[in-house]
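Protein chains in written order, with the numbering used here: chain H, 2 to 196; chain Y, 2 to 196.
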């Protein structure tokens, strides 16, 4: 099983260096309200276009009414591992003006990254996921029409792989690989950037 | 002038705690290739849906051909402060399948957040901006049609406010404020979340 930091990621500062997305959470760990508040505070201090702050979160700690309402809408692949996490933040963006919708999604991604990195700095892990029925979850949670759900963020501490089914254990064995910089970083004329 | 950490942001871990977006960069500072490579490495180690890694960056250090091609397309408000930064990363996302476009923008936002936070950890600052002519910049830079430009990330070290026009100096005086958590964090039925 290969966790962070991977080669190349070793040069990064914490908490970017050690971030990775476990799929085995400790189903007995309970997250305190103060920690939830700190994670949300990290989200709101992300930057956004014109300080528009389009991010919204449904806060669903395991055992809460929001968690119970959300869980049935997980995809089959996510229905095993997500409910073991201590907390799910269901992340959406307010789309008031359709022309700002693309930027709102970009900004929501930034806020999700800040939550995820703050979690790592606190000794927690976060694993984001898109696999849930967004329309049905919005209805179940009472999310208004001008907020579009985009992703879930499962937060918790890592659990014992022996306690979960093979399928969820396997998920963590997937190779953590990235495209080489030459496919992602370009110079003028879309030629691979070379330092 | 109020910089980070603001009240509430004080509870965050570094580098989220100290991140802010200066508008006065030191026009004499030169960023080294190794630092550029580290920033890009932070971007590619961001998480993305199914590890799709839709982010693409045009790398434009001050003085490069890409920088010269990009700068004329800045909005009037950004034309003064952005070119003083040591580096501009012009960020876009690959949109192959239109149904994945929303997620690609969310994932690009995450990568931009990772770049920005890595910059802070390295003693640099990053200030993202959307104000440039995306279509014209794409043509000037040779960005292919399946990549949509979304934002610029200006990176550098903070400069002397006395060296810039009043308008750019003023930009940093804007109050750094955020919505209260009760407007952003909700429970079941879209009621403000209370810890």
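Even for Gly, the Cβ is constructed at its ideal location relative to N, Cα and C.
Rounded distance between the beta-carbons of residue j and residue i, thought under 8 angstroms
| i | j | result |
| --- | --- | --- |
| residue 67(H) | residue 189(Y) | 4 angstroms |
| residue 45(H) | residue 185(Y) | 6 angstroms |
| residue 59(Y) | residue 37(Y) | Not a contact, Cβ separation roughly 12 angstroms. |
| residue 84(H) | residue 72(H) | 5 angstroms |
| residue 126(Y) | residue 159(Y) | 6 angstroms |
| residue 104(H) | residue 50(H) | 5 angstroms |
Where residue i falls: helix, strand or coil (DSSP)
| i | result |
| --- | --- |
| residue 191(Y) | helix |
| residue 162(Y) | helix |
| residue 95(Y) | strand |
| residue 186(Y) | strand |
| residue 147(H) | coil |
| residue 10(H) | helix |
| residue 73(Y) | helix |
| residue 88(Y) | strand |
| residue 2(Y) | Only weak support is given to the placement of residue 2(Y): the predicted model assigns it a pLDDT of 41, under 50, and the question is left unresolved by the model. |
| residue 81(H) | coil |
| residue 129(H) | strand |
| residue 152(Y) | strand |
| residue 196(H) | coil |
| residue 157(H) | strand |
| residue 31(H) | coil |
| residue 66(H) | helix |
| residue 180(H) | coil |
| residue 57(Y) | strand |
Span separating the alpha-carbon of residue i from that of residue j
| i | j | result |
| --- | --- | --- |
| residue 111(Y) | residue 107(H) | 8 angstroms |
| residue 145(Y) | residue 191(H) | 8 angstroms |
| residue 156(Y) | residue 86(Y) | 6 angstroms |
| residue 122(Y) | residue 101(Y) | 32 angstroms |
| residue 163(H) | residue 88(Y) | 48 angstroms |
| residue 69(Y) | residue 166(Y) | 22 angstroms |
| residue 140(H) | residue 90(Y) | 39 angstroms |
| residue 55(Y) | residue 74(Y) | 24 angstroms |
| residue 63(H) | residue 136(Y) | 45 angstroms |
| residue 109(Y) | residue 152(H) | 14 angstroms |
| residue 1(Y) | residue 138(H) | Past the edges of chain Y, shown from 2 to 196, lies residue 1(Y), and the structure says nothing about it. |
| residue 19(H) | residue 195(Y) | 31 angstroms |
| residue 57(H) | residue 94(Y) | 23 angstroms |
| residue 181(H) | residue 17(H) | 18 angstroms |
| residue 176(Y) | residue 42(H) | 17 angstroms |
| residue 161(Y) | residue 6(Y) | 20 angstroms |
| residue 193(H) | residue 118(Y) | 24 angstroms |
| residue 82(H) | residue 31(Y) | 46 angstroms |
| residue 149(Y) | residue 92(Y) | 8 angstroms |
| residue 179(H) | residue 15(Y) | 25 angstroms |
| residue 1(Y) | residue 53(Y) | Absent from the structure is residue 1(Y), since the part of chain Y shown begins at 2 and ends at 196. |
Cross-chain neighbours of residue i in chain Y, by beta carbon under 8 angstroms
| i | result |
| --- | --- |
| residue 16(H) | 14 |
| residue 56(H) | 185 |
| residue 134(H) | Near residue 134(H) there are no residues of chain Y at all, since even the closest Cβ is about 15 angstroms away, more than 8 angstroms. |
Chain-ordered neighbours of residue i on chain Y, where CB pairs are closer than 7 angstroms
| i | result |
| --- | --- |
| residue 77(H) | The premise fails here: residue 77(H) is roughly 16 angstroms from chain Y at the closest Cβ pair, so nothing lies under 7 angstroms. |
Within chain A, partners of residue i - CB distance below 7 angstroms
| i | result |
| --- | --- |
| residue 64(Y) | In the structure shown, chain A cannot be found, because the protein chains are H and Y. |
Listed by chain order, chain H residues near residue i by CB distance under 9 angstroms
| i | result |
| --- | --- |
| residue 235(Y) | Absent from the structure is residue 235(Y), since the part of chain Y shown begins at 2 and ends at 196. |
| residue 144(Y) | 187 and 191 |
Proximal chain H residues relative to residue i, where beta-carbon distance stays under 8 angstroms
| i | result |
| --- | --- |
| residue 169(Y) | Those within 8 angstroms of residue 169(Y) in chain H number zero; the least Cβ separation is about 17 angstroms. |
Examine the Cβ distances between the region 117–135 of chain H and the region 73–83 of chain H and report whether three or more of them are shorter than 8 angstroms.
yes
If contact is defined by three or more beta carbon pairs under 8 angstroms, each pair taking one atom from either stretch, is the region 165–180 of chain H in contact with the region 23–31 of chain Y?
no
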